[in-house]
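Take a look at the structure below.
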Amino acid sequence: MNKHISPFPPSAAAAYARLAEFAPYAGQDYAKKRNFDLGGAVSGGPSAHSHVSTLSPYLRMKLLDEGDVSRAVLNQMTPGAADKFIAEVWWRTYWKGWMEQRPTVWTAYRDDLARLHNEVQTQSGLRQRWEAACLGETGIDPFDHWARELAQTGYLHNHARMWFASIWIFTLKLPWQLGADFFLRHLLDGDAAVNTLSWRWVAGIQTQGKTYLAEASNIAKFTDGRFIGVKGLADSAVPVTAPAQPNRQEIAQIAPYDGAPADRVGLLLHSDDIVAPPLDALGVTPVSTAYLDCTTAQSPWRTASMVTDFRKALVHDLTTQAMMLDADVSVSDWASAQGLDRIITPHAPVGAVRSALRHVRKAGTVPVTEIRRPIDSAAWPLATAGFFKFRAHIPELLEQFG
Ligand SMILES: Cc1cc2nc3c(=O)[nH]c(=O)nc-3n(C[C@H](O)[C@H](O)[C@H](O)COP(=O)(O)OP(=O)(O)OC[C@H]3O[C@@H](n4cnc5c(N)ncnc54)[C@H](O)[C@@H]3O)c2cc1C
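Counted the way the working numbering counts, the sequence shown spans residues 5 to 406.
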């Protein structure tokens, strides 16, 4: 259907250039304009998302982390001036930490999706409504525009994501899980925790009883008049019923690396972190590097190739040596072919990579050591309740990492 015209060059240089370009505008400018969706690069036109950072595809792959972005901005302005932007940056961390402490929210979503996959195959009414929404053929102009913008560029402005999710759930009355899946299959920044929890938030499941209703006047104002007088939107948003939130569990400790100096060690990068951990500190020089992409395992439907292409190209930009692993060349095959004694890999948060690593460990071919970033070890356990409690810790996180 769509020609792909991603405005996100898959390179570290592009990520750092964008950060440097945006950092001076992360203060007042961002706070005032961040809610305006002025339009993406649909049909080959230029993207007008210049008032937000558009760094999320790089942050998602951990090419940049919250510390890098905070530091770049705080080099330009005071924490007070950057307050709004810094808070948004750490929302990602908050969602990641929240999910780490309630991993069954992800497995329940995956189970729901498997059931809905079956229902879409067997219920033609549901299938038609779902197809129309995914193809941008609902007749609701802005919604159809955003469906196409997402498919063409791999990105949507935050406000468009909120309106889109709200219309999907409350106007089109489609299951939120199918919308979350549509996003995960197309967003370059599609993330198990951030996406699932954001959709739950719009649906009124995450902050219980609090839903997000897309209103025509709000869309007209914050699209700068691009979509005026949208008709047919739901006029109320009753929270979606869902099982109670699971109890919080402690984040699992990670066993330290205990390899012998003579071990043949393989470095496994993956689609939840493409940056090598500091191996020098462990006295390790890997004999082989591989990249495991589990993006397509997140959905029973086809993931847009631009998402996997973007991720693989970013890895290639960082290291041309990485062997690309997928269903045909498994981690165990790679370990055997390279005669590995151990694998070291960046920590895999809740999501498809973690499930894949569980299989590798079960197969017992080779021990796997995960290295969690200090910034995640420090921040994730703080996501015990709501964002505002977490937010109170941002100054101390900035002291350490910003
Ligand atoms: C329904 C829905 C689904 C979403 N799915 C995803 C997803 O799969 N992956 C994803 O990275 N973000 C997701 N978001 C959050 C947010 O929309 C994007 O992070 C943001 O739009 C990325 O654009 P940006 O980099 O220009 O953001 P900026 O406004 O420039 O913000 C800077 C950074 O802060 C973080 N951030 C900003 N807003 C949020 C937010 N609301 N929640 C969490 N982090 C935030 C991101 O890392 C972002 O790159 C979703 C939001 C909604 C409402």
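All C-beta atoms, glycine included, are put in the ideal place defined by N, C-alpha and C.
{"Asked": "Contact test: Arg395 Cβ vs ligand 1 heavy atom, cutoff 6 Å", "Found": "no"}
{"Asked": "Neighbour-count burial assignment, Thr227, 16 or more Cβ in a 10 Å radius", "Found": "buried"}
{"Asked": "Residues of its chain near Phe392, where Cβ-Cβ distance is below 6 Å and the 5 sequence neighbours each way are ignored", "Found": "none"}
{"Asked": "Residue closest to Gln257, alpha-carbon to alpha-carbon, out of Thr126, Asp380, Pro13", "Found": "Asp380"}
{"Asked": "Simplified DSSP assignment, three categories, for Arg346", "Found": "strand"}
{"Asked": "Outcome for Lys7 when other beta-carbon atoms lying within 10 angstroms are tallied against a minimum of 16", "Found": "Any answer about Lys7 is weak, because its pLDDT of 44 lies below 50 and its placement is not dependable; what the coordinates show is given next. Looking at its Cβ environment, which holds fewer than 16 other Cβ atoms inside 10 Å, Lys7 is exposed."}
{"Asked": "Met327, DSSP secondary structure in three states", "Found": "strand"}
{"Asked": "When Val288, Met310, Trp167, Asp313 are compared against Thr215, the one with the closest alpha-carbon", "Found": "Trp167"}
{"Asked": "Check: Val56 C-beta below 6 Å from any heavy atom of ligand 1", "Found": "yes"}
{"Asked": "Glu104 - containing beta strand (DSSP E), residue span", "Found": "Note, Glu104: premise wrong, no beta strand (DSSP E); alpha helix (DSSP H) at 87–104."}
{"Asked": "Status (buried if at least 16 other CB within 10 Å, exposed otherwise) for Ser275", "Found": "buried"}
{"Asked": "Pair within 7 Å by beta-carbon distance, Trp203 and Ala387", "Found": "no"}
{"Asked": "heavy atom of ligand 1 below 6 Å from Asp195 C-beta", "Found": "yes"}
{"Asked": "Status (buried if at least 16 other CB within 10 Å, exposed otherwise) for Asn251", "Found": "exposed"}
{"Asked": "Given 8 Å, three or more beta-carbon pairs between the segment 121–137 and the segment 266–284", "Found": "no"}
{"Asked": "Whole-Å CB distance - Arg268 paired with Gly343, under 8 Å assumed", "Found": "6 Å"}
{"Asked": "Cβ-Cβ distance between Ala259 and Leu237 below 7 Å", "Found": "no"}
{"Asked": "Short Cβ contact (7 Å threshold) for Thr293 with Ala317", "Found": "no"}
{"Asked": "Near ligand 3: Ala169 beta-carbon under 6 Å from a heavy atom", "Found": "Only ligand 1 can be found as ligands here, which leaves ligand 3 out of the picture."}
{"Asked": "Nearest to Pro353 (by Cα), restricted to the options Thr108, Ile90, Val93, Ala24", "Found": "Thr108"}
{"Asked": "Cross-strand partners of Ile375 (DSSP beta bridge)", "Found": "Pro350"}
{"Asked": "Three or more C-beta pairs below 8 Å linking the segment 111–126 and the segment 178–186", "Found": "yes"}
{"Asked": "Which of helix, strand or coil DSSP assigns to Gly129", "Found": "helix"}
{"Asked": "Ordered list of alpha helix (DSSP H) runs contained in the segment 264–323, each at least 4 residues", "Found": "309–322"}
{"Asked": "7 Å Cβ shell around Val124 - same chain, five flanking residues per side excluded", "Found": "Leu130, Arg131, Trp134"}
{"Asked": "Three CB pairs or more closer than 8 Å across the segment 62–77 and the segment 13–27", "Found": "yes"}
{"Asked": "Three-state secondary structure assigned by DSSP to His363", "Found": "helix"}
{"Asked": "Reduced DSSP category for Glu141 - H, G, I as helix; E, B as strand; rest coil", "Found": "coil"}
{"Asked": "Nearest to Lys225 (by Cα), restricted to the options Gln105, Pro146, Met310, Pro350", "Found": "Pro146"}
{"Asked": "Supposed close pair Glu153, Gly44 - CB separation, criterion 8 Å", "Found": "4 Å"}
{"Asked": "Environment of Arg165 [buried if 16+ CB atoms lie within 10 Å]", "Found": "buried"}
{"Asked": "For Pro28, three-class secondary structure by DSSP", "Found": "helix"}
{"Asked": "Contact check, Pro290 vs Ile375, beta carbons under 7 Å", "Found": "no"}
{"Asked": "For Leu296 and Ala360, believed in contact at Cβ under 8 Å, the rounded distance", "Found": "6 Å"}
{"Asked": "Contiguous alpha helix (DSSP H) assignments of at least 4 residues, all confined to the segment 160–219", "Found": "162–170, 180–190, 196–207"}
{"Asked": "Gly390 versus Ile232: straight-line alpha-carbon distance, rounded", "Found": "35 Å"}
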